[in-house]
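S.K.: Those protein sequences? They're chains A and B, same order as listed. Heads up, the first sequence is in my numbering, so the first residue is 252 and it goes up one at a time. Heads up, the second sequence is in my numbering, so the first residue is 24 and it goes up one at a time. Just so it is clear, CB atoms sit at the ideal spot from N, CA and C, and this is done for glycine as well. Values in this document were obtained by computation on a predicted structure and should not be read as measured data. Handing you a structure now.
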Amino acid sequence: MPASPPPLPPPRTAWEPLPPEAWTAATARHLLHRTGYAAPPSQIERAVREGLATTVARLFRPSPTPERPDSFGRLDDLRAEVLAAARAHGMSPEARRDLQRELRQARNTAHQDFSLSWLRHAADPKHSAYEKFILFLANILVVGLDGVRDPILLHRHHQILREGGLGPYPDLCKAVSRSPAMLEYLDLQRSRRENPNENFARELFELFILGEGRYSEEEVREAARAFTGYRRRGEDFFFARGQHDSGSKTLFGHTGSFDGDQVIDLAFQQPAARLLLPSRLIREFLSEDPLPAPYLEELGNHWAAQDFRIEALLHRFFSSRIFHHPGHRGALIKSPIHFYLGLIQDLHLQVAPFPRGSLPFLRQMGQPFFEPPNVRGWVGGRLWINASTLAARRSLVDFLFREDPEAVLNADEAAALDAARRQGPVLLTVGPQRFATFAELPGEMIATRLATRLLPLDPPAGFAAAAAAFLDQAPAGPERNRRLALLARRILLSPHYQLC
Amino acid sequence: MNAPPVLPSTRREFLRHGLRGAGLLAFSRHLPWFLAASTLRGAPRPEKDRSVLVLVQLAGGNDGLNTLIPFDNDHYHRLRPTLALRSSEVLPLADGLGLHPALAPLQPLLDAGHLGLVQNVGYPNPNRSHFRAMEIWETAAESDHALSTGWLGRYFDNTCSGGPHDERAPRGIHFGAELPPSLQASRPQATFGVTPAIGRRGLRGPERRLAKNLLEAHPAAPANLGFLSHTMMDALVTEERVGRILSRYRPDADYPANRFAQALRGVAALILADLPTRVYFVSLGGFDTHSNQAATHARLLSTFAAGMHAFQHDLRRQKAGDRVLTMTFSEFGRRAAENHSAGTDHGTAAPLFVMGESLRGGLHGHPPDLDLPPGADPVHSTDFRCVYATVLERWLGCPATPVLGGAFTPLDFL
Numbered sequence: 252m253p254a255s256p257p258p259l260p261p262p263r264t265a266w267e268p269l270p271p272e273a274w275t276a277a278t279a280r281h282l283l284h285r286t287g288y289a290a291p292p293s294q295i296e297r298a299v300r301e302g303l304a305t306t307v308a309r310l311f312r313p314s315p316t317p318e319r320p321d322s323f324g325r326l327d328d329l330r331a332e333v334l335a336a337a338r339a340h341g342m343s344p345e346a347r348r349d350l351q352r353e354l355r356q357a358r359n360t361a362h363q364d365f366s367l368s369w370l371r372h373a374a375d376p377k378h379s380a381y382e383k384f385i386l387f388l389a390n391i392l393v394v395g396l397d398g399v400r401d402p403i404l405l406h407r408h409h410q411i412l413r414e415g416g417l418g419p420y421p422d423l424c425k426a427v428s429r430s431p432a433m434l435e436y437l438d439l440q441r442s443r444r445e446n447p448n449e450n451f452a453r454e455l456f457e458l459f460i461l462g463e464g465r466y467s468e469e470e471v472r473e474a475a476r477a478f479t480g481y482r483r484r485g486e487d488f489f490f491a492r493g494q495h496d497s498g499s500k501t502l503f504g505h506t507g508s509f510d511g512d513q514v515i516d517l518a519f520q521q522p523a524a525r526l527l528l529p530s531r532l533i534r535e536f537l538s539e540d541p542l543p544a545p546y547l548e549e550l551g552n553h554w555a556a557q558d559f560r561i562e563a564l565l566h567r568f569f570s571s572r573i574f575h576h577p578g579h580r581g582a583l584i585k586s587p588i589h590f591y592l593g594l595i596q597d598l599h600l601q602v603a604p605f606p607r608g609s610l611p612f613l614r615q616m617g618q619p620f621f622e623p624p625n626v627r628g629w630v631g632g633r634l635w636i637n638a639s640t641l642a643a644r645r646s647l648v649d650f651l652f653r654e655d656p657e658a659v660l661n662a663d664e665a666a667a668l669d670a671a672r673r674q675g676p677v678l679l680t681v682g683p684q685r686f687a688t689f690a691e692l693p694g695e696m697i698a699t700r701l702a703t704r705l706l707p708l709d710p711p712a713g714f715a716a717a718a719a720a721f722l723d724q725a726p727a728g729p730e731r732n733r734r735l736a737l738l739a740r741r742i743l744l745s746p747h748y749q750l751c
Numbered sequence: 024m025n026a027p028p029v030l031p032s033t034r035r036e037f038l039r040h041g042l043r044g045a046g047l048l049a050f051s052r053h054l055p056w057f058l059a060a061s062t063l064r065g066a067p068r069p070e071k072d073r074s075v076l077v078l079v080q081l082a083g084g085n086d087g088l089n090t091l092i093p094f095d096n097d098h099y100h101r102l103r104p105t106l107a108l109r110s111s112e113v114l115p116l117a118d119g120l121g122l123h124p125a126l127a128p129l130q131p132l133l134d135a136g137h138l139g140l141v142q143n144v145g146y147p148n149p150n151r152s153h154f155r156a157m158e159i160w161e162t163a164a165e166s167d168h169a170l171s172t173g174w175l176g177r178y179f180d181n182t183c184s185g186g187p188h189d190e191r192a193p194r195g196i197h198f199g200a201e202l203p204p205s206l207q208a209s210r211p212q213a214t215f216g217v218t219p220a221i222g223r224r225g226l227r228g229p230e231r232r233l234a235k236n237l238l239e240a241h242p243a244a245p246a247n248l249g250f251l252s253h254t255m256m257d258a259l260v261t262e263e264r265v266g267r268i269l270s271r272y273r274p275d276a277d278y279p280a281n282r283f284a285q286a287l288r289g290v291a292a293l294i295l296a297d298l299p300t301r302v303y304f305v306s307l308g309g310f311d312t313h314s315n316q317a318a319t320h321a322r323l324l325s326t327f328a329a330g331m332h333a334f335q336h337d338l339r340r341q342k343a344g345d346r347v348l349t350m351t352f353s354e355f356g357r358r359a360a361e362n363h364s365a366g367t368d369h370g371t372a373a374p375l376f377v378m379g380e381s382l383r384g385g386l387h388g389h390p391p392d393l394d395l396p397p398g399a400d401p402v403h404s405t406d407f408r409c410v411y412a413t414v415l416e417r418w419l420g421c422p423a424t425p426v427l428g429g430a431f432t433p434l435d436f437l
């Protein structure tokens, strides 16, 4: 039975590094479950051997850019055609409509390919922690397919986050203010000197840097003026000097002819700027319930003293005594993407090379790639879970245990699978043979091993006995293998497996 | 001797196996909701008197001008040279206004005063993106503000539905795999989605026992483990219960075989089974009629009208027509002027339907002014949040201001 965890360390020492003697298989497992998607024994051993600081540094190394989907080329071509058609007169409305339809389809295909290429990239354990972290940043510096429409711009935005994800946060905010996807999503593209659009300025303060109630409406208006002239041309940012309001602005007690970058610097001088990113980090990676204020302030002050370098914040956070406190183990709910990629890694499968193998599940579980509900991103936590999303998690597990996945593929999917297999093995589902290797072991031992391997927490008392009773009713052979697969599915659908 | 089933699917089944009410209370965190609720009250309390809201989404943007048609208006015929319907075609309703002929199945409801239309409903600074406009209707936000919760989700957050354990019964049931954003609350609220797979997923025998074992959370375990355990337990029990209600239902009306009507049939089944659920959600899609609209729109309205008629007829025959209010919404109307493809593009305000025996039927609000400069669209005359306020205050019995984040004057259809 789990004993009640010891009390939290006091705020002053909570963020100090975990003492080396406390870096064990248990703490390593916790770190891997939280930073990545799974905690296989080999990775736990390696982490323990290398030590905590080295492990954290290794996990948060920038990962390379995921492969750029081929369909981006097709979309590029079509966009050029549509532009040319818009200039050319005499095109019939029907032809114009057909071209628009083709463009829509090309966008859909490109977005699906972008999603799949990212999933494949993030499923590689070498990239998982960094990509998971970038996804976290993308849920703060939010853009979405609905407002941007062009997956090539989303891909570019993602790359901006990937490149700036460890540097100073003010620099990342400046880069994001120039992200072509952001210019579209929060309307800077349509902001004019005579009529500045306040959308970006408001979210910059409220969602990216300071938080609600930490700025005035007057400051939003003044900041909106500073961001006039931010434009994109295709995939690139450019500054339209003629549209920029270079007049004097007053905000946060300063007056000057500020530009956008200077406004961001001014915002980071506000005390609240120390707290927003750390509090989001705590909520995403440590505890759904906020920590008492002194803990947050302690972490924020340390971070500010490191020039807001995100890398420093991550190292401090993930090495800390409080992060590794036993009370935090297995306490968070996996996001749909975590659940999916965790299954892929835990079951040694590959991301299916066609949309139907993953994307509809992500949508039904509530996290379609780069399609957040709105500028606030996904709330997550307990709100990932309802009867419908649970049913979707179950459908996904059912799909990954299908015995005949290839029998239900259409021609396109079969072709995509063939193409992928020319690059390497692609295992779509867990076949019945998977369990044959250890089917001979006693049921109780199998159950304990599966639970230890897959779950971030101990299963309920009596689980091993119940599982053994279930398994050992069947003699060795196909029926026992079938029951082994059912047992594994039950574990993956247990409340425990939804946690990390 | 057979062991008792470990996941009971009916109250009777649970009780038959000798569990006593007093003993159950200690574990009520992990009990199926219906059992915990009735044990606490001492006796099952059917929720017969509760008013129910059925929300019908017309997804894609329904063309309001060709739904409630100002057939005498010269501007209408000017704006709609090919799509306009003539006075001889429409079902006359009031001076100069008539319904699209495909809505004929609704005529008896109109005659009986059980169908109302709120005219020209919208909001300031209308948005023409499907996604954003739908989100505005779902969240009841200002058009320049994003909210993470739906208006009915906030209704759930702002009310408790009765007994202390009632919150574990589904507060809302939707037809379709994904939770409609209208029902998204700020904290977990039990909801349930009916999909065609229902009833085909039951667990049996030893696997069921195994599942049960894994749902037992230790009291000292992280809070989220307990939350997951009881949500999963409730989902399992609800799924079995809903599946049984749907498969055994004998309606008192002929529902067409299409998915929309069958969903409404399911709603009737669940309402008549006296679930404590007060909010149901059904969607009919395809209203995004950019080209060759006439035939598509007629077909959609016909599907809509036949389904609605069967549903209300069924409820009436089974004496539940007076405690169910059905209301439609759509993300926007279409533009006033048709486009060059014999269709219409994304527009602004539009009428919505309200149906039930307890409402004031006929027309409410004011029709749009169509004397518009070129390229302009009607400006709404009724804010959609006034419709929501009416439903919240006069139907669901919930103060509207905290839900809607402001005071909106209720309308007189209730």
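So, does the CB of B:H253 fall closer than 7 Å to a CB anywhere in chain A?
M.R.: One-based indexing of the second sequence puts residue 253 of chain B at position 230. For B:H253, the closest Cβ of chain A is not nearer than 7 Å.
S.K.: By DSSP's criteria, A:D487 is part of a beta bridge. Which residues make up the other side?
M.R.: Position 236 of the first sequence, counted from the first residue, corresponds to residue 487 of chain A. For A:D487, which the question treats as bridged, DSSP gives the partners A:R484.
S.K.: Nearest to A:Y381 by alpha carbon, out of A:A346, A:S428, A:G485 and A:I561?
M.R.: Position 130 of the first sequence, counted from the start, is the residue given in the question as residue 381 of chain A. Per the Cα distances, A:I561.
S.K.: What is the residue span of the beta strand (DSSP E) that A:A778 lies within?
M.R.: No answer is possible for residue 778 of chain A: it lies beyond the span of chain A, which begins at 252 and ends at 751.
S.K.: Quick one: measure Cβ to Cβ for B:A82 and B:G308, integer angstroms, because I've assumed they're closer than 8 Å.
M.R.: For the purposes of this step, residue 82 of chain B is taken as residue 59 along the second sequence, with counting starting at 1. For the purposes of this step, residue 308 of chain B is taken as residue 285 along the second sequence, with counting starting at 1. With 8 Å as the limit, B:A82 and B:G308 qualify as a contact, their Cβ atoms being about 4 Å apart.
S.K.: Terminal residues of the continuous alpha helix (DSSP H) containing A:I588?
M.R.: Taking the first sequence and counting its residues from 1, one reaches residue 588 of chain A at position 337. First-last of the alpha helix (DSSP H) with A:I588: P587 to D597.
S.K.: DSSP has B:Q80 in a bridge; who is on the other side?
M.R.: Your numbering for residue 80 of chain B matches position 57 in the second sequence. Bridge partners of B:Q80: B:S306 and B:F352.
S.K.: For the 8 Å Cβ check, are there 3 or more pairs between the region 216 to 230 of chain B and the region 321 to 335 of chain B?
M.R.: no
S.K.: Taking the C-alpha atoms as reference points, what is the distance between A:Q615 and A:L641?
M.R.: Here the question's residue 615 of chain A lines up with position 364 in the first sequence. Here the question's residue 641 of chain A lines up with position 390 in the first sequence. Taking the straight line joining both Cα atoms gives about 9 Å.
S.K.: Along the chain, where does the alpha helix (DSSP H) that runs through A:N450 open and close?
M.R.: Here residue 450 of chain A corresponds to residue number 199 of the first sequence, with the count starting at 1. Under the DSSP assignment, A:N450 falls in the alpha helix (DSSP H) whose first and last residues are N450 to E454.
S.K.: Are the C-beta atoms of B:S404 and some chain A residue less than 7 Å apart?
M.R.: Within the second sequence, numbered from 1, the residue matching residue 404 of chain B stands at position 381. Output row for B:S404: interface = no.
S.K.: Whole angstroms is fine: what's the gap from A:D375's alpha carbon to A:L722's?
M.R.: Position 124 of the first sequence, counting from 1, holds the residue named residue 375 of chain A. Position 471 of the first sequence, counting from 1, holds the residue named residue 722 of chain A. A:D375 and A:L722: Cα-Cα distance of roughly 33 Å.
S.K.: Applying a beta-carbon distance threshold of less than 8 Å, which residues of chain B neighbour A:I636?
M.R.: Mapped onto the first sequence, residue 636 of chain A falls at position 385. Those within 8 Å of A:I636 in chain B are P211, F250, L251 and T254.
S.K.: Tell whether a beta-carbon distance below 7 Å holds between B:A359 and B:L395.
M.R.: In the second sequence, counting from the first residue as 1, residue 359 of chain B sits at position 336. In the second sequence, counting from the first residue as 1, residue 395 of chain B sits at position 372. It is a contact, given that the beta carbons lie within the stated cut-off.
S.K.: Name the residues in the region 696 to 728 of chain A whose C-beta lies less than 8 Å from a C-beta of chain B; which are they?
M.R.: Within the region 696 to 728 of chain A, the residues whose Cβ lies closer than 8 Å to any Cβ of chain B are, in chain order, L708, P710, P711, A712, G713, F714, A717, A718, A720, F721 and Q724.
S.K.: Buried or exposed: which applies to B:T349, given that a residue is buried once 16 or more other Cβ atoms fall within 10 Å of its Cβ?
M.R.: Start at 1 with the first residue of the second sequence, and residue 349 of chain B comes out as number 326. Answer is buried; the Cβ neighbour count reaches 16.
S.K.: For A:M616, report the span of its alpha helix (DSSP H) as first-last.
M.R.: For the purposes of this step, residue 616 of chain A is taken as residue 365 along the first sequence, with counting starting at 1. L610 to M616 is the span of the alpha helix (DSSP H), which, as asked, contains A:M616.
S.K.: Using a C-beta cutoff of 7 Å, does B:P229 count as contacting chain A?
M.R.: The residue given as residue 229 of chain B occupies position 206 in the second sequence. Yes, because at least one Cβ of chain A sits closer than 7 Å to the Cβ of B:P229.
S.K.: In three-state terms, what does DSSP make of B:R194?
M.R.: The residue you call residue 194 of chain B lines up with position 171 of the second sequence. Correct three-state label for B:R194: coil.
S.K.: Measure the alpha-carbon distance for A:D438 versus B:V141 and round it to whole angstroms.
M.R.: Translated into positions along the first sequence, residue 438 of chain A becomes position 187. Translated into positions along the second sequence, residue 141 of chain B becomes position 118. A:D438 and B:V141: Cα-Cα distance of roughly 33 Å.
S.K.: Taking C-alpha atoms, which residue in A:Y748, A:C751, A:Q749 and A:R741 lies nearest to B:A234?
M.R.: Along the second sequence, one-based indexing puts residue 234 of chain B at 211. That would be A:R741, whose Cα lies nearest to the Cα of B:A234.
S.K.: Apart from the five residues on each side of it in sequence, which residues of its chain come closer than 7 Å, Cβ to Cβ, to A:R653?
M.R.: Along the first sequence, read from residue 1 onward, the residue named residue 653 of chain A stands at position 402. So the qualifying residues of the chain are T680.
S.K.: Taking the alpha carbon of B:N315 as the point to measure from, which residue in B:D368, B:G429 and B:P279 has its own alpha carbon closest?
M.R.: Here residue 315 of chain B refers to the residue found at position 292 when the second sequence is read from its first residue. B:N315 has its Cα closest to that of B:D368, out of B:D368, B:G429 and B:P279.
S.K.: State the Cα-Cα distance for the pair B:G428 and B:F154, rounded to the nearest angstrom.
M.R.: The residue given as residue 428 of chain B occupies position 405 in the second sequence. The residue given as residue 154 of chain B occupies position 131 in the second sequence. Taking the straight line joining both Cα atoms gives about 22 Å.
S.K.: Let's test the definition: count the other Cβ atoms within 10 Å of the Cβ of A:N446 and tell me whether it reaches 16, buried, or not, exposed.
M.R.: Taking the first residue of the first sequence as position 1, residue 446 of chain A is located at position 195. A:N446 comes out exposed.
S.K.: Pick from A:R352, A:Q351 and A:F574: whose alpha carbon is nearest that of A:P258?
M.R.: Residue 258 of chain A sits at position 7 when you count from the first residue of the first sequence. Closest by alpha carbon: A:F574.
S.K.: According to DSSP, simplified to helix, strand and coil, what is B:S381?
M.R.: Your numbering for residue 381 of chain B matches position 358 in the second sequence. It is coil, neither helix nor strand.
S.K.: Does B:I92 come out as helix, strand or coil in the three-state DSSP assignment?
M.R.: Position 69 of the second sequence, counted from the first residue, corresponds to residue 92 of chain B. Of the three classes helix, strand and coil, the one that applies to B:I92 here is strand, per DSSP.
S.K.: Since B:H369 sits in a beta bridge, which residues does DSSP pair it with?
M.R.: By 1-based counting over the second sequence, the position of residue 369 of chain B is 346. B:H369 is bridged to B:R357.
S.K.: From the DSSP output, in three-state form, read off A:F559 for me.
M.R.: Taking the first sequence and counting its residues from 1, the one referred to as residue 559 of chain A is at position 308. Three-state DSSP puts A:F559 in coil, outside helix and strand.
S.K.: Do you know whose CA, among A:A555, A:Y466, A:S442 and A:R444, lies nearest A:R453's CA?
M.R.: Locating residue 453 of chain A in the first sequence gives position 202, where the first residue counts as 1. Ranking A:A555, A:Y466, A:S442 and A:R444 by Cα distance to A:R453 puts A:Y466 first.
S.K.: At a CB distance below 9 Å, what residues from the region 127 to 160 of chain B approach chain A? Give them in sequence order.
M.R.: S152, H153, F154, R155 and E158
S.K.: Skipping 5 residues on each side, what residues in its chain have a beta carbon closer than 7 Å to that of A:L417?
M.R.: One-based indexing of the first sequence puts residue 417 of chain A at position 166. So the qualifying residues of the chain are F311, P313, I561 and E562.
S.K.: Taking only the alpha-carbon atoms, compute the straight-line gap between A:A687 and A:N732 and give it to the nearest angstrom.
M.R.: The residue given as residue 687 of chain A occupies position 436 in the first sequence. The residue given as residue 732 of chain A occupies position 481 in the first sequence. Approximately 6 Å between the Cα atoms of the pair.
S.K.: Among B:R267, B:D392 and B:Q207, which residue has its Cα nearest to the Cα of B:E158?
M.R.: The residue labelled residue 158 of chain B in the question sits at position 135 within the second sequence. Nearest C-alpha to B:E158: B:Q207.
S.K.: Within the same chain, show all residues whose beta-carbon is closer than 6 Å to that of A:R484, passing over the 5 residues directly before and after it, in chain order.
M.R.: In the first sequence, residue 484 of chain A corresponds to position 233, counting from 1. Once the five neighbours on either side are set aside, A:R484 has no close Cβ partner at all.
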